[in-house]
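Here the sequence shown is numbered in my numbering, starting from 932 and rising by one per residue.
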Amino acid sequence: MPNEPIGPRLRALRQASGRTVASVAADAGLSVPYIANLENGRGNPTTNALARLAAALGTELSIEFGSVAPTTGPAPQSVVKLSRSRRFRATAAALAERSGQDPQDVAARLISACVLLTGALGHEASEHDWWRVLDALVLMAEHPA
């Protein structure tokens, strides 16, 4: 896992749950600077620290050996703003319910997907554009082909 940045994933999970670094740090029993450094790609967390972070974020730690997942960079401002909205959390919860998945995990994957789409577009999309993408996903979930 040394080549897989964990910071963007941690930040996406935290943002998807609408939490601050301080609230996650308090729940995980870790310091705010420690978590901030991890989110910014600095530091080498232990599996114990990662398990505590996962528990604080309402998810579980999963370590896999196998194919490498695509990496994501920092979330563009429009994605950050989107992820903090009540509508985004409601949309992620609705998609999670339809698919039987954890809402925080779905929200984090949606954020990661938006970051990857930004790279594919070559520019940052507007918040309105992100809603069009999410609305399309909701339609696909409600009316599968």
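Cβ coordinates follow ideal geometry from the N, Cα and C atoms, glycine included.
Between the CA atoms of residue j and residue i - distance to the nearest angstrom
| i | j | result |
| --- | --- | --- |
| residue 956 | residue 1022 | 27 Å |
| residue 994 | residue 1015 | 28 Å |
| residue 1025 | residue 1062 | 14 Å |
| residue 1028 | residue 992 | 21 Å |
| residue 1045 | residue 960 | 30 Å |
| residue 963 | residue 984 | 12 Å |
7 Å Cβ shell around residue i - same chain, five flanking residues per side excluded
| i | result |
| --- | --- |
| residue 1036 | 990 |
| residue 1012 | 1058 |
Any C-beta of chain B under 7 Å from that of residue i
| i | result |
| --- | --- |
| residue 946 | Considering every chain present, this structure includes no chain B. It has just one protein chain. |
Spatial neighbours of residue i in its chain, beta-carbon cut-off 8 Å, leaving aside the 5 residues before and after
| i | result |
| --- | --- |
| residue 1006 | 939, 942, 943, 946, 1014, 1042, 1045 and 1046 |
Close-in-space but distant-in-sequence residues of the same chain around residue i (CB under 6 Å, 5 per side omitted)
| i | result |
| --- | --- |
| residue 1019 | 1013 |
| residue 986 | none |
| residue 970 | 938, 941 and 942 |
Next item on the list: Count the C-beta pairs between the region 1040 to 1047 and the region 942 to 950 that are closer than 8 Å, then say yes if the count reaches three, no if not.
Entry: Yes: the two stretches touch, three or more of their Cβ pairs being nearer than 8 Å.
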